[in-house]
Amino acid sequence: MNPKSHQTENEIAQEHGFPEVSIITPSYNASETLEKTVKSIQQQTFCNWELILVDDCSSDDTCYKAQTYCEFDPRIHLLRLARNSGAAVARNAGIAKARGRYIAFLDADDSWQPSKLEIQLKLMQKNHWPLSYTGYTRI
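Residues 8 to 146 (our numbering) are what the sequence shown spells out, left to right.
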């Protein structure tokens, strides 16, 4: 019996160095909010993710802070756009660099509950859904 035959798709992806989820975070002048956003991702109970921070030509120190996160967590990557192009272009640039099976979006001024990815992925996999979306709570 091949022991690898019982591996989940997540385990196989991890073994080959691919994240299960690519999280795309467009950011523009998000220096004040980026830390809370990144920490909410790092605190996820599901850990097989990559975070692609897409800087949309910020004029504050967003890029500097994003680069610092990259240095301390190898799952975090920074992509800098050459000119300010808006959130849609930033998201599409992030998708082009994504390596995960699933794509998730989180804006640089938002955050997630710690079990968000775990719950959403289990539901998607259980029901064989290729995509899903979630609501939000305004606080």
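C-beta atoms are modelled at their ideal positions from N, C-alpha and C, and glycine is treated no differently.
Quick caveat, the model's predicted, so the values are computed rather than measured.
For Glu57, the enclosing beta strand (DSSP E) stretches over residues Trp56 to Asp62. By the C-beta density criterion, Gly24 is exposed, having fewer than 16 other C-beta atoms within 10 angstroms. Sorting Thr69, Glu27, Asn99 and Ile102 by C-alpha distance to the C-alpha of Lys43 places Thr69 at the top. Within the same chain, no residue comes within 6 Å of Trp136 by CB-CB distance, once the 5 residues on both sides are set aside.
In chain order, Phe25, Pro26, Ser29 and Glu57 place their CB closer than 7 Å to the CB of Arg106, counting only its own chain and leaving out the 5 sequence neighbours on each side. The C-beta separation of Arg90 from Cys64 comes to about 6 Å, placing the pair in contact by the 8 Å criterion. Closest option to Leu41, judged by alpha-carbon separation, among Thr52, Cys54, Ala73 and Phe53: Ala73.
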